[in-house]
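S.K.:
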Amino acid sequence: MNYQDSRKLQPGKLVVASHNPGKVKEVAALLGPHGIEPVSAGSLGLPEPDETGTTFAANAELKALLAADLSGMPAIADDSGLCVEALGLEPGIFSARWAGPDKDFGLAMRLVEEHLERAGPEAGRNAHFMCALAVAWPDGHLEAFEGRVDGTLVWPPRGNGGFGYDPMFVPNGYDQTFGEMDPDEKHRISHRAMAFEKLKAALL
0 MNYQDSRKLQ PGKLVVASHN PGKVKEVAAL LGPHGIEPVS AGSLGLPEPD ETGTTFAANA
60 ELKALLAADL SGMPAIADDS GLCVEALGLE PGIFSARWAG PDKDFGLAMR LVEEHLERAG
120 PEAGRNAHFM CALAVAWPDG HLEAFEGRVD GTLVWPPRGN GGFGYDPMFV PNGYDQTFGE
180 MDPDEKHRIS HRAMAFEKLK AALL
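Residue numbering for the sequence shown follows numbering that gives the first Met the number 0, starting at 0 and increasing by one per position.
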């Protein structure tokens, strides 16, 4: 990305293209010090689009563009997930869907483990988390950033922290899972933190 072509984010309201209050809180913690006031798409009554993209970036861009268009304000969206090398990088963009309609990530982690057992020990347990962030403006201008953290998967899951697949993911260079790790430490090294650092360098 050529930062000279980037558009800066101005202080003021920024729509978070999500109905998840946790996402709004996270954006507030990261961008609030720069004068950004996040508001959720849910609080504005905006719909959640079908995520029809074939990559994390495509889904993030689709969500950000729709929210910016409908709200008339800049909007930010993210798409993230777990990519397991032995499973051909699945669940990938379908990470949330593996958890089913009840968002049961205990079930999703069991599914990953069952697939790994079928793949056999020689397939290995390497995995990475990906996060794509997109910021869109009402005129269709778009900026996108990606972050990645590599690690290995353990079984059974360990720790009650984090969310999603965190309790089975040990980042490289650490012996704790994201589920066991101090939240501040996790946020320092996570895929989302990496993507946000790129965003802040470019847009703020």
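Don't be surprised by glycine CBs; every beta carbon is placed ideally from N, CA and C.
1) Would you kindly report the start and end of the unbroken beta strand (DSSP E) that includes ASP204?
2) If you reduce the DSSP assignment to three classes, tell me which class TYR2 lands in.
3) Is ALA118 close to the ligand NAP? I mean its beta-carbon at under 7 Å from any heavy atom of the ligand.
4) Can you look up TYR173 in the DSSP assignment and give me helix, strand or coil?
5) Find the nearest neighbour of ARG191 within the set GLY158, PRO100 and ASP78, judged by alpha-carbon distance.
6) Just to confirm, are LYS62 and ALA16 a CB contact at a threshold of 8 Å?
7) For a minimum of 4 consecutive residues, which ranges assigned as the alpha helix (DSSP H) are wholly contained in the stretch 124-200?
8) Return helix, strand or coil for GLU47, following the three-state DSSP convention.
9) Between the Cα of THR51 and the Cα atoms of ALA59, GLU142 and LEU45, which residue gives the shortest distance?
10) Taking the beta strand (DSSP E) that GLY11 falls in, what are its first and last residues?
11) Are the CB atoms of PRO90 and LEU81 within a distance shorter than 8 Å?
12) What span of residues does the alpha helix (DSSP H) with SER70 cover, start to end?
13) Quick one: Cα of ARG124 to Cα of LEU86, how far?
14) So for PRO37, helix, strand or coil by DSSP?
15) Just to confirm the assignment, what range does the alpha helix (DSSP H) spanning LYS24 have?
16) Label THR176 either buried or exposed according to how many other C-beta atoms from any shown protein chain fall within 10 Å of its C-beta, with 16 as the threshold for buried.
M.R.: Taking the definition as stated:
1) Only positions 0 to 203 of the chain appear in the structure, and residue 204 is not among them; the question remains open.
2) Confidence at TYR2 is low in this model, with a pLDDT of 41, below 50, so its placement is unreliable and no value can be given for it.
3) The ligand NAP is not part of this structure, which contains no ligands at all.
4) Judged by DSSP in its simplified three-state form, TYR173 adopts coil rather than helix or strand.
5) Taking only the C-alpha atoms, the option nearest ARG191 is ASP78.
6) Pairing LYS62 with ALA16 gives a Cβ-Cβ distance under 8 Å.
7) Correct list: 182-188.
8) coil
9) ALA59
10) 11-15
11) Taking C-beta atoms as the reference points, LEU81 and PRO90 count as a pair closer than 8 Å.
12) 55-70
13) The alpha-carbon separation between ARG124 and LEU86 amounts to approximately 9 Å.
14) strand
15) Going by DSSP, LYS24 is part of the alpha helix (DSSP H) stretching over 20-30.
16) buried
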